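One structure is given below, encoded as structure tokens.
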Amino acid sequence: MDIVLQQLVNGLTLGSVYGLIAIGYTMVYGIIGMINFAHGDVYMVSAYITAIAIALLTFFGIESFPIIIIGTLFLTVAVTGAYGWVIERIAYRPLRNSSRLAVLISAIGMSLILQNYVQLSQGANQQGVPTLLTGAIRFTVGDGFVQITYMKLLILFISLLGMGILTYVIQKTKLGRMCRATQQDRKMASILGIDTDKVISTVFVIGAMMAALAGVLITLDYGAFDFYVGFIIGIKAFTAAVLGGIGSLPGAMLGGLILGLSEALFAGLISSDYKDVFSFSLLVLILIIRPSGLLGKPEVEKV
Amino acid sequence: MSQAVGINFKKSSIDSLVAGFLALILFGPIVGVLLDGYDFDFEFDKVAWMVAIVVVGRFAISSFFQTEKGVAMAFRYASNDDGATVLAPGHKSKMVWIIPLVIAVGLLVPFIASKYVLTVVILGLIYVLLGLGLNIVVGLAGLLDLGFVGFYAIGAYGLALGYENLGLGFWSMLPIAALLAAFAGAILGFPVLRMHGDYLAIVTLGFGEIIRLVLTNWASFTHGPNGISAPLPTLFGLEFKRRSSDGQTFHEFFNLPYDSAYKYMFIYLVLFAVVWAVLFIKHRLVKMPIGRAWEALREDEIACRSLGLNHVLVKLSAFMLGASTGGLAGVFFATYQGFVNPSSFTFFESALILAIVVLGGMGSTLGVVIAAFCLTVLPEVLREFAEYRVLMFGILMVVMMVWKPRGIVRVTRTGFATRKGAVK
Chain A
-7 MDIVLQQLVN GLTLGSVYGL IAIGYTMVYG IIGMINFAHG DVYMVSAYIT
43 AIAIALLTFF GIESFPIIII GTLFLTVAVT GAYGWVIERI AYRPLRNSSR
93 LAVLISAIGM SLILQNYVQL SQGANQQGVP TLLTGAIRFT VGDGFVQITY
143 MKLLILFISL LGMGILTYVI QKTKLGRMCR ATQQDRKMAS ILGIDTDKVI
193 STVFVIGAMM AALAGVLITL DYGAFDFYVG FIIGIKAFTA AVLGGIGSLP
243 GAMLGGLILG LSEALFAGLI SSDYKDVFSF SLLVLILIIR PSGLLGKPEV
293 EKV
Chain B
14 MSQAVGINFK KSSIDSLVAG FLALILFGPI VGVLLDGYDF DFEFDKVAWM
64 VAIVVVGRFA ISSFFQTEKG VAMAFRYASN DDGATVLAPG HKSKMVWIIP
114 LVIAVGLLVP FIASKYVLTV VILGLIYVLL GLGLNIVVGL AGLLDLGFVG
164 FYAIGAYGLA LGYENLGLGF WSMLPIAALL AAFAGAILGF PVLRMHGDYL
214 AIVTLGFGEI IRLVLTNWAS FTHGPNGISA PLPTLFGLEF KRRSSDGQTF
264 HEFFNLPYDS AYKYMFIYLV LFAVVWAVLF IKHRLVKMPI GRAWEALRED
314 EIACRSLGLN HVLVKLSAFM LGASTGGLAG VFFATYQGFV NPSSFTFFES
364 ALILAIVVLG GMGSTLGVVI AAFCLTVLPE VLREFAEYRV LMFGILMVVM
414 MVWKPRGIVR VTRTGFATRK GAVK
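The listed protein sequences correspond, in order, to chains A and B. This note's numbering applies: residue -7 is where the first sequence begins, and numbers increase by one. This note's numbering applies: residue 14 is where the second sequence begins, and numbers increase by one.
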């Protein structure tokens, strides 16, 4: 019982982070109908920038935890957002009217570039960040206990905050209205005076920023990362996006939570060696059985 | 294009300043602060160099595209080049002369090249085989398969495991591996028929990763990350070892001194023959209705289906043929290395094969052969640039898609002439 509860706690935090990254996939897919293959690597870049930001902040003599975490969040989100913008500008904008195959291949190229760029400049070794926040709340359940670390609470809080802000932006602000209009009908939106190129760039930046949030949180919690982490987590976040219904924001969050929970339970109860196999199989199964996901609309094939 | 042409220096300067600022944001943290455990070092000079290069480069590009030549060039590349080049009906291919020449040179290679060169050329030929296989799936049928390495792994592990568990050798495994991989292709292909484009890419990627993870984790069967040894090929039962385990060895039978290069020569010759066989089969297939159907499906699936083409059969056949070629390549890879482990079958390998197809030109056989050699042999020659290899592949893929999405060698096709007396 205590194992199940503990895995539920772990799964919840993991799932909220998957949800954050999934937002990047789902928004880009919703607006230009392509999978941003380099998104997982944007997450990976943000993990590196997290470690660099912490190192720089401590170098300048800042020791207090709240300032470090806020500073790190701010720096990482800003720099990663710039990555999102540049990636769109270089690899996707020139291909706006090309075939989907061309865009996808260009995205794969971008992913290789990011991975190798980080590997060349920072080395292939695993890197780490110091543990900043220790301590936990413990509950006794039966013979064992369930432990919720403060870090996990922080992850849950910040990711919910991030999703909340994003939902507000998309639902209430002018920028969000522009995004939704572009998502519904790009041509019509541009006829009505929306600069759709700018909106698409903005969506890429928002997606990268959300991935950066996830990057900071996971890196602080887990401590270690290398240039290859983006690949696996990218596919998992994509699975979350597909599970929830690609193109739908609440779907991404829901899909993230479901994937995180089921993966944590699978790892805890059945086998942790095969948990990645589980996620990949889940992805294949969803795409075969219900490609439109839980909250998504079925895709209409246009002739 | 009747705009007044002249370089607007203000615009170029702003462009380059913006680019420089962005480069500072992008390169600053990752390049400028080198993490070293929980410690770090500053490397400002590298960042300064990179930013300077970006600023100067952006200024040059920005200025160039304001000149008359630049405008013309931008216009030329804005229009996408589509489809195949159609040759005149009476066109005689120069290949009639080139092919025998290439075969003759190819047959000479093992006898004049050193052992090192031979191993590099074998590797190149293995990638030619892989490229040809993926070219059927991606280039001809337009199904983006990112898990192609899975079939390669099936071939390689098929030889190693078949030898260990069933005592099957190289020759018996060659056709079996092709069938096994084709079967796996069908298993993968069948459920994903309903998907296309991006979804298909992700599912096949997942498939390739599942195979790699199973190979890594199922240690009792596959020996996990430690890998497993694979048998050498034999010539009518003659082995290419110094001492035979049973029966005779090649050098004893022919009264030759022992040389470890013999086995590579033999692998090369077999591989060379197989590559030519695959080339020939593919060449014929493309002209047959099935090949035409692949290409038609690539161009417009909905139109094909409404015209009554059985898309299930067409897609499955492409998947299975591509996969079986990958399986063949896997057998050669295993016997060439004498050893297989899961680290040879990562996603990067799939991306490399895809880069071969993309660079060579989707659907173009000649292009794929040239690209396979360029991408595998060049890094061997330019050893000092080896660490930039992946970066180059990435840049190549982006640049090719932006610049020439159909690859360097365009697909050509001989046109038809109307019959004499036919209605015009």
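From the three backbone atoms N, C-alpha and C, an ideal C-beta is built for every residue, glycine too. Computed from a prediction, not measured in an experiment: that's the story for all the values here.
Collapsed DSSP secondary structure at residue i in the structure displayed
i, result
"residue 15 of chain B", "Any answer about residue 15 of chain B is weak, because its pLDDT of 43 lies below 50 and its placement is not dependable; what the coordinates show is given next. Reduced to three states, the DSSP call for residue 15 of chain B is coil."
"residue 138 of chain A", "strand"
"residue 241 of chain B", "strand"
"residue 107 of chain A", "helix"
"residue 128 of chain A", "strand"
"residue 342 of chain B", "helix"
"residue 426 of chain B", "strand"
"residue 353 of chain B", "strand"
"residue 158 of chain B", "coil"
"residue 133 of chain A", "strand"
"residue 295 of chain A", "Only weak support is given to the placement of residue 295 of chain A: the predicted model assigns it a pLDDT of 47, under 50, and the question is left unresolved by the model."
"residue 321 of chain B", "coil"
"residue 159 of chain A", "helix"
"residue 118 of chain A", "coil"
"residue 216 of chain A", "strand"
"residue 358 of chain B", "helix"
"residue 33 of chain A", "helix"
"residue 78 of chain B", "coil"
"residue 181 of chain B", "coil"
With 16 other Cβ atoms within 10 Å as the buried cut-off, status of residue i
i, result
"residue 188 of chain B", "exposed"
"residue 102 of chain B", "exposed"
"residue 31 of chain A", "buried"
"residue 12 of chain A", "buried"
"residue 241 of chain B", "buried"
"residue 129 of chain A", "exposed"
"residue 277 of chain B", "buried"
"residue 180 of chain A", "exposed"
"residue 323 of chain B", "exposed"
"residue 151 of chain B", "buried"
"residue 151 of chain A", "buried"
"residue 430 of chain B", "exposed"
"residue 279 of chain B", "buried"
Expected contact under 8 Å - CB spacing of residue i and residue j to nearest Å
i, j, result
"residue 245 of chain B", "residue 287 of chain B", "Actually they do not touch by this definition, with Cβ atoms about 16 Å apart."
"residue 123 of chain A", "residue 215 of chain A", "6 Å"
"residue 235 of chain A", "residue 251 of chain A", "6 Å"
"residue 103 of chain A", "residue 217 of chain A", "The Cβ separation is near 16 Å, so there is no contact."
"residue 8 of chain A", "residue 80 of chain A", "The pair is not a contact, with the Cβ atoms about 26 Å apart (cut-off 8 Å)."
"residue 243 of chain B", "residue 351 of chain B", "6 Å"
"residue 133 of chain A", "residue 72 of chain A", "No, residue 133 of chain A and residue 72 of chain A are not in contact; Cβ-Cβ is about 39 Å, not under 8 Å."
"residue 153 of chain A", "residue 4 of chain A", "Not confirmed; about 15 Å, so no contact."
Distance cut-off 7 Å: residue i Cβ against heavy atoms of the ligand GTP
i, result
"residue 161 of chain A", "The model on display carries no ligand, and the ligand GTP is accordingly not part of it."
(request) Evaluate contact between the region 107 to 120 of chain A and the region 37 to 44 of chain A, counting only Cβ atoms and requiring at least three cross-stretch pairs below 8 Å. (result) Taking 8 Å as the limit for Cβ pairs, the verdict is that the region 37 to 44 of chain A does touch the region 107 to 120 of chain A.
(message) Taking contact to mean 3 or more Cβ pairs, one atom from each stretch, closer than 8 Å, check whether the region 411 to 420 of chain B and the region 83 to 90 of chain A are in contact.
(response) yes
(message) For the region 257 to 270 of chain A, list every residue whose C-beta sits within 9 Å of some C-beta in chain B, in sequence order.
(response) For the region 257 to 270 of chain A, which is checked against every Cβ of chain B, the residues closer than 9 Å are 263, 265, 266, 268, 269.
(message) Residues of the region 153 to 185 of chain B in Cβ contact with chain A at a cutoff of 8 Å, in chain order, please.
(response) Within the region 153 to 185 of chain B, 155, 157, 159 place their CB atoms closer than 8 Å to a CB of chain A, listed in sequence order.
(request) Inspect the CB distances between the region 28 to 45 of chain B and the region 57 to 65 of chain B and report whether three or more fall short of 8 Å. (result) Touching, yes.
(message) Which residues of the region 335 to 363 of chain B have a Cβ closer than 7 Å to any Cβ of chain A? Give them in chain order.
(response) 360
(message) For the structure I just gave you, are there three or more beta carbon pairs, one from the region 319 to 329 of chain B and one from the region 58 to 67 of chain A, closer than 8 Å?
(response) no
(message) Closer than 9 Å between beta carbons: that is the criterion. Which residues of the region 27 to 44 of chain A meet it against chain B?
(response) 27, 29, 37, 40, 41, 43, 44
(request) Give the residues from the region -3 to 8 of chain A that approach chain B closer than 8 Å (Cβ to any Cβ), ordered along the chain. (result) none
(message) Measuring CB atoms only, is the region 365 to 383 of chain B touching the region 194 to 207 of chain B, in the sense that at least three cross pairs come out at less than 8 Å?
(response) The region 365 to 383 of chain B makes no contact with the region 194 to 207 of chain B: fewer than 3 CB pairs, one atom from each, lie closer than 8 Å.
(message) Counting only Cβ-Cβ distances shorter than 9 Å, please list the residues of the region 85 to 110 of chain A near chain B, keeping chain order.
(response) 86, 87, 89, 90, 91, 92, 93, 94, 95, 96, 97, 98, 99, 100, 101, 102, 103, 104, 105, 106, 107, 108, 109, 110
(request) Please name the residues in the region 29 to 44 of chain B whose beta-carbon is closer than 7 Å to at least one beta-carbon of chain A, in chain order. (result) 35, 38, 39, 42, 43, 44
(message) By the 8 Å beta-carbon criterion, what residues does the region 211 to 245 of chain B contribute toward chain A?
(response) 211, 212, 214, 215, 216, 218, 219, 220, 222, 223, 226, 227, 230
(request) Assess, as a yes-or-no matter, whether the region 117 to 135 of chain B is touched by the region 302 to 310 of chain B under the definition of 3 or more beta carbon pairs within less than 8 Å. (result) Verdict: no, contact absent.
(message) Three Cβ pairs or more, each shorter than 8 Å: is that satisfied between the region 42 to 51 of chain A and the region 219 to 234 of chain A?
(response) no
(request) Scan the region 307 to 320 of chain B for residues whose Cβ lies nearer than 7 Å to a Cβ of chain A and list them as they occur along the chain. (result) 315
(message) Three Cβ pairs or more, each shorter than 8 Å: is that satisfied between the region 75 to 90 of chain B and the region 35 to 46 of chain B?
(response) no
(message) With three or more C-beta pairs closer than 8 Å as the rule, is the region 249 to 267 of chain A touching the region -2 to 5 of chain A?
(response) yes
(message) Please identify, using Cβ separations under 8 Å, the residues of the region 416 to 430 of chain B that lie next to chain A, in order along the chain.
(response) 418
(request) Note down, in chain order, all residues in the region 389 to 409 of chain B with a beta-carbon under 9 Å from any beta-carbon belonging to chain A. (result) Correct list: 400, 401, 402, 403, 404, 405, 406, 407, 408, 409.
(message) With three or more C-beta pairs closer than 8 Å as the rule, is the region 157 to 175 of chain B touching the region 355 to 368 of chain B?
(response) Enough Cβ pairs lie closer than 8 Å, so yes.
(message) Short of 7 Å Cβ to Cβ, which residues in the region 69 to 80 of chain A face chain B?
(response) From the region 69 to 80 of chain A, only 71, 74, 75, 78 have a Cβ closer than 7 Å to chain B.
(message) Across the region 366 to 374 of chain B and the region 167 to 177 of chain B, are there enough close Cβ pairs to call them in contact, namely three or more that are closer than 8 Å?
(response) Contact between the region 366 to 374 of chain B and the region 167 to 177 of chain B is absent: fewer than 3 CB-CB pairs across the two stretches fall below 8 Å.
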